[in-house]
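S.K.: Quick mapping for you: the protein sequence lines, in order, are chains A and B.
Heads up, the first sequence is in my numbering, so the first residue is 24 and it goes up one at a time.
Heads up, the second sequence is in my numbering, so the first residue is 16 and it goes up one at a time.
After the structure tokens below, expect a handful of questions from me.
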Amino acid sequence: MKEMTYAEAVREALREEMIRDDSVFLIGEDVGTYGGAFGVSYGLVDEFGEDRVRDTPISEAGIMGAATGAALMGMRPVAEIMFMDFTTIAMDQLVNQAAKLRFMFGGKAKVPLVLRTPGGSGTGAAAHHSQSLEAWFVHVPGLKVVMPSTPYDAKGLLVASIRDDNPVIFVEHKLLYKTKGPVPEEEYTIPLGTADVKRTGRDLTIVATSIMVPRVLAAAETLAGQGIDAEVVDPRTLKPLDEETIFKSVIKTGRVLIAHEACKTGGAGAEIAARIVESDAFNYLDAPIVRLAGLDIPVPYNRNLERRMVPQVEDIVAAARELVG
Amino acid sequence: MKLKRELCVRMLSKMYEIRIFEETVDDLFARGLVHGTMHLSIGQEASAVGSVFALRDEDYILSTHRGHGHCIAKGADINLMMAEFLGKETGYCRGRGGSMHIADIEGRNLGANGVVGGGIPLAVGVGLSLKMRQTDEIVMGFFGDGAANQGAFHEALNMAAIWTLPVVYVCENNQYGMSMSTNRAFKIERIAQRADGYGMVGVTVDGNDVLEVYEAAAKAVDRARSGGGPTLLECVTYRWKGHSKSDQERYRTKDEIEAWKRRDPIKLFRERLLTEGVITDQEAAGFEEQASRTIAEAVEFAKSSAEPDPDTILEGVYA
Ligand SMILES: Cc1ncc(C[n+]2csc(CCOP(=O)(O)OP(=O)(O)O)c2C)c(N)n1
Ligand SMILES: [Mg+2]
Numbered sequence: 024m025k026e027m028t029y030a031e032a033v034r035e036a037l038r039e040e041m042i043r044d045d046s047v048f049l050i051g052e053d054v055g056t057y058g059g060a061f062g063v064s065y066g067l068v069d070e071f072g073e074d075r076v077r078d079t080p081i082s083e084a085g086i087m088g089a090a091t092g093a094a095l096m097g098m099r100p101v102a103e104i105m106f107m108d109f110t111t112i113a114m115d116q117l118v119n120q121a122a123k124l125r126f127m128f129g130g131k132a133k134v135p136l137v138l139r140t141p142g143g144s145g146t147g148a149a150a151h152h153s154q155s156l157e158a159w160f161v162h163v164p165g166l167k168v169v170m171p172s173t174p175y176d177a178k179g180l181l182v183a184s185i186r187d188d189n190p191v192i193f194v195e196h197k198l199l200y201k202t203k204g205p206v207p208e209e210e211y212t213i214p215l216g217t218a219d220v221k222r223t224g225r226d227l228t229i230v231a232t233s234i235m236v237p238r239v240l241a242a243a244e245t246l247a248g249q250g251i252d253a254e255v256v257d258p259r260t261l262k263p264l265d266e267e268t269i270f271k272s273v274i275k276t277g278r279v280l281i282a283h284e285a286c287k288t289g290g291a292g293a294e295i296a297a298r299i300v301e302s303d304a305f306n307y308l309d310a311p312i313v314r315l316a317g318l319d320i321p322v323p324y325n326r327n328l329e330r331r332m333v334p335q336v337e338d339i340v341a342a343a344r345e346l347v348g
Numbered sequence: 016m017k018l019k020r021e022l023c024v025r026m027l028s029k030m031y032e033i034r035i036f037e038e039t040v041d042d043l044f045a046r047g048l049v050h051g052t053m054h055l056s057i058g059q060e061a062s063a064v065g066s067v068f069a070l071r072d073e074d075y076i077l078s079t080h081r082g083h084g085h086c087i088a089k090g091a092d093i094n095l096m097m098a099e100f101l102g103k104e105t106g107y108c109r110g111r112g113g114s115m116h117i118a119d120i121e122g123r124n125l126g127a128n129g130v131v132g133g134g135i136p137l138a139v140g141v142g143l144s145l146k147m148r149q150t151d152e153i154v155m156g157f158f159g160d161g162a163a164n165q166g167a168f169h170e171a172l173n174m175a176a177i178w179t180l181p182v183v184y185v186c187e188n189n190q191y192g193m194s195m196s197t198n199r200a201f202k203i204e205r206i207a208q209r210a211d212g213y214g215m216v217g218v219t220v221d222g223n224d225v226l227e228v229y230e231a232a233a234k235a236v237d238r239a240r241s242g243g244g245p246t247l248l249e250c251v252t253y254r255w256k257g258h259s260k261s262d263q264e265r266y267r268t269k270d271e272i273e274a275w276k277r278r279d280p281i282k283l284f285r286e287r288l289l290t291e292g293v294i295t296d297q298e299a300a301g302f303e304e305q306a307s308r309t310i311a312e313a314v315e316f317a318k319s320s321a322e323p324d325p326d327t328i329l330e331g332v333y334a
């Protein structure tokens with residue numbers, strides 16, 4: 024194992040897959056010399072050249088279309104949209120084209136592309152640079168949605184995403200880029216659709232995604248000091264969703280708290296809660312499911328408001344205490 | 016051209032205000048007083064001032080992420096801008112928007128924009144409503160060279176042209192969209208050439224010469240106001256600072272930056288006004304000092320303003 028940041032883990036996955044497979048290439052705004060807005064692809068243009076680390080004009084629809092067309096031709100493009108907010112501009116090519124082509128063509132084509140994009144708030148960049156829109160993509164048949172929370176998961180899941188034959192939305196988080204963790208020296212992949220139990224516990228299950236995972240783990244430590252033993256489940260991929268791991272935990276603990284940064288209404292937490300109540304795990308619930316999520320507002324600029332909009336460690340502790348009661 | 020003293024003085028003073036405002040917020044950022052990021056237009060003041068000064072007060076503008084200059088040129092209250100920077104309740108957007116979203120609705124600035132190209136189609140709607148209501152007001156829509164490669168640019172310019180809307184599109188070509196130079200992002204020499212494709216007039220000017228910008232903008236404004244339809248005005252200029260706060264500037268050389276600094280739009284204008292005897296050196300220094308005082312007062316106002324009340328966090332999403 025070696026220690027590296029989340030951003031380095033993403034870069035290492037890109038680099039290794041580009042070495043391994045000539046059909047893998049990067050395309051996006053400022054991915055070359057600039058290295059992407061968060062420096063994730065920094066240095067790759069020097070190693071692989073401008074053809075395979077391709078800077079584009081500011082044309083998100085064009086980027087997405089180019090990636091989709093190239094994928095149809097058997098290439099494996101990894102497109103970057105600089106901020107998740109701007110996937111809105113790429114939406115037609117992604118949702119109407121990339122996601123549906125295979126099905127519409129009777130299964131005779133495939134679209135093996137990855138769209139990497141950073142979501143999330145916390146940087147003071149306000150309403151056009153801070154959104155968490157993963158639920159939009161979860162809603163679309165034909166897309167897969169991946170949301171890693173650690174360097175280990177980021178690398179293993181990105182390698183799997185690049186090798187996957189379907190369009191995969193790979194949602195990174197700006198506040199996680201500098202976080203560190205162990206990553207194996209040798210090659211590995213994490214199959215899409217496998218959740219990870221980040222902490223085992225008996226008293227309640229906390230299902231958390233992306234930036235909420237480290238916050239929930241910190242909250243779990245505080246809770247442990249207060250005699251509450253939380254189990255933390257990170258789905259890692261929202262689509263496909265590893266229901267079994269979630270259900271198993273719910274059956275064990277009987278209480279569920281779901282934490283995500285995205286706005287509560289229509290968020291991925293609603294889907295996860297619905298899956299639980301539709302399953303046998305429902306019979307084991309000792310209390311209603313609780314969702315902790317972003318407030319239903321655009322992300323505000325002011326530091327305090329921005330912080331307050333999204334669940335913080337203390338909110339998670341309070342919600343867990345109330346749930347366990 | 017015979018220089019009108021009153022206009023020149025106001026333009027020079029505004030350019031100082033913009034420059035000092037941005038130097039000040041840059042410094043506040045360095046001292047950790049500003050959250051987030053910001054996009055400074057230092058070096059581009061002539062393009063903002065020259066074009067906005069061709070408008071009447073009742074005309075509208077739509078601005079960009081690099082919009083402090085447009086906002087100040089349009090007559091914004093610097094106190095309220097500064098308060099917005101510091102995220103205060105007294106700011107233009109009640110601390111909700113920050114640098115990238117400052118709007119001054121009363122002053123007819125319909126907002127900066129965090130989405131590159133986001134304002135270009137909005138200008139169509141503004142122009143359309145001005146035309147439908149048969150006013151003689153017009154709208155000026157700013158965007159950068161990078162934004163001209165958004166699909167929405169093409170849709171919007173075509174619509175503005177076919178409906179003969181009272182719109183002046185001002186493309187501030189500072190030669191880079193982040194790290195992407197116009198040489199790499201365009202196959203054509205001048206962005207204004209694109210106007211041809213939509214059937215509107217396209218003009219390219221030296222964006223560091225405030226009088227050249229002003230004259231070209233005034234013609235475009237007249238055309239829009241008199242029913243002659245939209246214009247695409249390209250101001251060729253240069254940003255001195257990095258793109259935002261995270262830029263290592265590996266895509267351009269120090270020599271290039273220095274060469275452009277020698278064409279400082281403020282210095283060029285000041286020297287011209289001195290040479291032609293429109294103002295004295297002492298007067299010019301006075302305008303600069305006045306601008307410094309205005310900005311310093313704004314910092315005091317912003318610092319002493321209250322933070323938003325956290326209990327109001329859910330307000331303002333719906334009308
Ligand atoms: C739709 C969209 N894509 C990408 C970005 C990130 N971004 C912000 S400014 C910028 C460069 C814009 O270039 P240009 O239009 O030339 O304006 P300039 O920054 O040079 O003033 C980029 C890529 C964004 N804000 N919006
Ligand atoms: Mg530019």
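C-beta atoms are modelled at their ideal positions from N, C-alpha and C, and glycine is treated no differently.
Hey, would you say the C-beta of B/E271 is under 7 Å away from at least one heavy atom of ligand 1?
M.R.: No.
S.K.: Starting from A/A113, trace the alpha helix (DSSP H) in both directions and tell me its first and last residue.
M.R.: Start and end: T110 to M114.
S.K.: Which of helix, strand or coil does DSSP assign to B/G301?
M.R.: Of the three classes helix, strand and coil, the one that applies to B/G301 here is helix, per DSSP.
S.K.: Spell out the partners DSSP gives A/C286 in its beta bridges.
M.R.: Answer by DSSP bridge pairing, in chain order: A/G317.
S.K.: Say the cut is 7 Å; is the CB of B/A162 nearer than that to a heavy atom of ligand 1?
M.R.: Yes.
S.K.: Find out if the Cβ-Cβ distance for the pair A/E103, A/L49 is shorter than 8 Å.
M.R.: Yes, they are a contact pair.
S.K.: Can you give me, in chain order, the residues of the stretch 153-178 of chain B that have a beta carbon less than 7 Å from any beta carbon in chain A?
M.R.: Taking 7 Å as the Cβ-Cβ cut-off against chain A, the residues of the stretch 153-178 of chain B that qualify are G161, A162, N164, Q165 and G166.
S.K.: Which residues in chain B sit within 7 Å of A/Y200, going by Cβ to Cβ distance?
M.R.: Per Cβ cutoff of 7 Å: no residues; A/Y200 is ~11 Å from chain B at best.
S.K.: I'd like to know if A/E195 contacts chain B, where contact means its C-beta is closer than 8 Å to some C-beta of that chain.
M.R.: So, not an interface residue.
S.K.: Does any CB atom of chain B fall closer than 8 Å to the CB of A/M27?
M.R.: Not one chain B Cβ lies under 8 Å of A/M27.
S.K.: Would you verify that the beta carbon of A/L332 is, or is not, closer than 8 Å to some beta carbon of chain B?
M.R.: At residue 332 of chain A the sequence reads Met, which differs from the Leu that was named. Yes - at least one Cβ of chain B is within 8 Å of the one on A/M332.
S.K.: Report the rounded CA-to-CA distance for B/E121 versus B/D92, giving the unit in angstroms.
M.R.: Rounded to the nearest angstrom, the two C-alpha atoms are 11 Å apart.
S.K.: Under the three-state reduction of DSSP, which class applies to A/G85: helix, strand or coil?
M.R.: Correct three-state label for A/G85: helix.
S.K.: Tell me B/N188's beta-bridge partners as DSSP assigns them.
M.R.: Paired residue(s): B/V251.
S.K.: Return the residues of the stretch 41-74 of chain B that lie within a Cβ-Cβ distance of less than 7 Å from chain A, sorted by chain order.
M.R.: Those residues of the stretch 41-74 of chain B that come within reach of chain A (Cβ to Cβ, closer than 7 Å) are H50, G51 and T52.
S.K.: Given this structure, state the Cα-to-Cα distance separating B/A63 from A/V255, to the nearest angstrom.
M.R.: In a straight line, the C-alpha of B/A63 is about 53 Å away from that of A/V255.
S.K.: For A/I251, tell me which candidate among A/R225, A/S153 and A/E157 has the shortest Cα-Cα distance.
M.R.: Considering only alpha carbons, the answer is A/R225.
S.K.: Give the single residue among B/A138, B/R25 and B/P181 whose Cα lies nearest to the Cα of B/I153.
M.R.: With distances taken between Cα atoms, B/I153 lies closest to B/P181.
S.K.: From the DSSP output, which residues share a beta bridge with A/P205?
M.R.: Paired residues: A/E26.
S.K.: What are the residues of the stretch 311-332 of chain B that lie near chain A, defined by any Cβ-Cβ distance shorter than 7 Å?
M.R.: Flagged, chain order: E322, P323, P325, I328, L329 and V332.
S.K.: Over what stretch of residues does the beta strand (DSSP E) that includes A/I50 continue unbroken?
M.R.: First-last of the beta strand (DSSP E) with A/I50: V47 to G51.
S.K.: Locate the alpha helix (DSSP H) running through B/E217, then write down its first and last residues.
M.R.: In the sequence as displayed, the identity of residue 217 of chain B is Gly instead of Glu. That residue, B/G217, is in no alpha helix (DSSP H); its beta strand (DSSP E) goes V216 to D221.
S.K.: Return the Cβ separation of B/M30 and B/A61 in integer angstroms, given the expectation that the two are a contact with Cβ distance under 8 Å.
M.R.: Yes, B/M30 and B/A61 are in contact; Cβ-Cβ is about 7 Å, under 8 Å.
S.K.: Under three-state DSSP, which class holds A/V279?
M.R.: Reduced to three states, the DSSP call for A/V279 is strand.
S.K.: Using a Cβ-Cβ cutoff of less than 8 Å, which residues in the same chain neighbour B/E32 once the five nearest sequence positions on both sides are dropped?
M.R.: The answer, listed in chain order, is I87, I93, A306, T309 and I310.
S.K.: With distances taken from CA atoms, which of A/Y175, A/G248 and A/S233 is nearest A/G142?
M.R.: Minimum Cα distance to A/G142 is reached at A/S233.
S.K.: What are the residues in the stretch 81-98 of chain A lying within 9 Å of chain B by C-beta distance?
M.R.: Under the 9 Å Cβ criterion, the stretch 81-98 of chain A contributes I81, S82, E83, A84 and G85.
S.K.: Over what stretch of residues does the beta strand (DSSP E) that includes A/E73 continue unbroken?
M.R.: Where A/E73 is concerned, there is no enclosing beta strand (DSSP E), although the alpha helix (DSSP H) it sits in stretches over L67 to R75.
S.K.: Using a C-beta to C-beta distance shorter than 9 Å, which residues of chain A count as neighbours of B/E199?
M.R.: Note that residue 199 of chain B is Arg in the sequence shown here, rather than Glu. Here the neighbours are D78 and P80.
S.K.: What residue ranges within the stretch 124-157 of chain A form continuous alpha helix (DSSP H) runs of no fewer than 4 residues, ordered along the chain?
M.R.: The stretch 124-157 of chain A contains these whole alpha helix (DSSP H) runs: 124-127.
S.K.: Is the beta carbon of B/H83 less than 8 Å from the beta carbon of B/S66?
M.R.: Going by C-beta atoms, B/H83 is not nearer than 8 Å to B/S66.
S.K.: Closer than 8 Å, CB to CB, is B/V130 near chain A or not?
M.R.: Judged by the 8 Å Cβ criterion, B/V130 is in contact with chain A.
S.K.: Quick one: using the 10 Å Cβ neighbour count with 16 as the cut-off for buried, is A/N119 buried or exposed?
M.R.: So A/N119 ends up on the exposed side.
S.K.: Quick one: does the C-beta of B/Y253 sit closer than 7 Å to a heavy atom of ligand 2?
M.R.: Because no heavy atom of ligand 2 lies under 7 Å away, the Cβ of B/Y253 does not count as near it: no.
S.K.: The beta strand (DSSP E) with A/I192 in it runs from where to where?
M.R.: V191 to H196 is the span of the beta strand (DSSP E), which, as asked, contains A/I192.
S.K.: Is B/N94 near ligand 2, judged by its Cβ being under 7 Å from some heavy atom?
M.R.: Result no, Cβ not under 7 Å from ligand 2.
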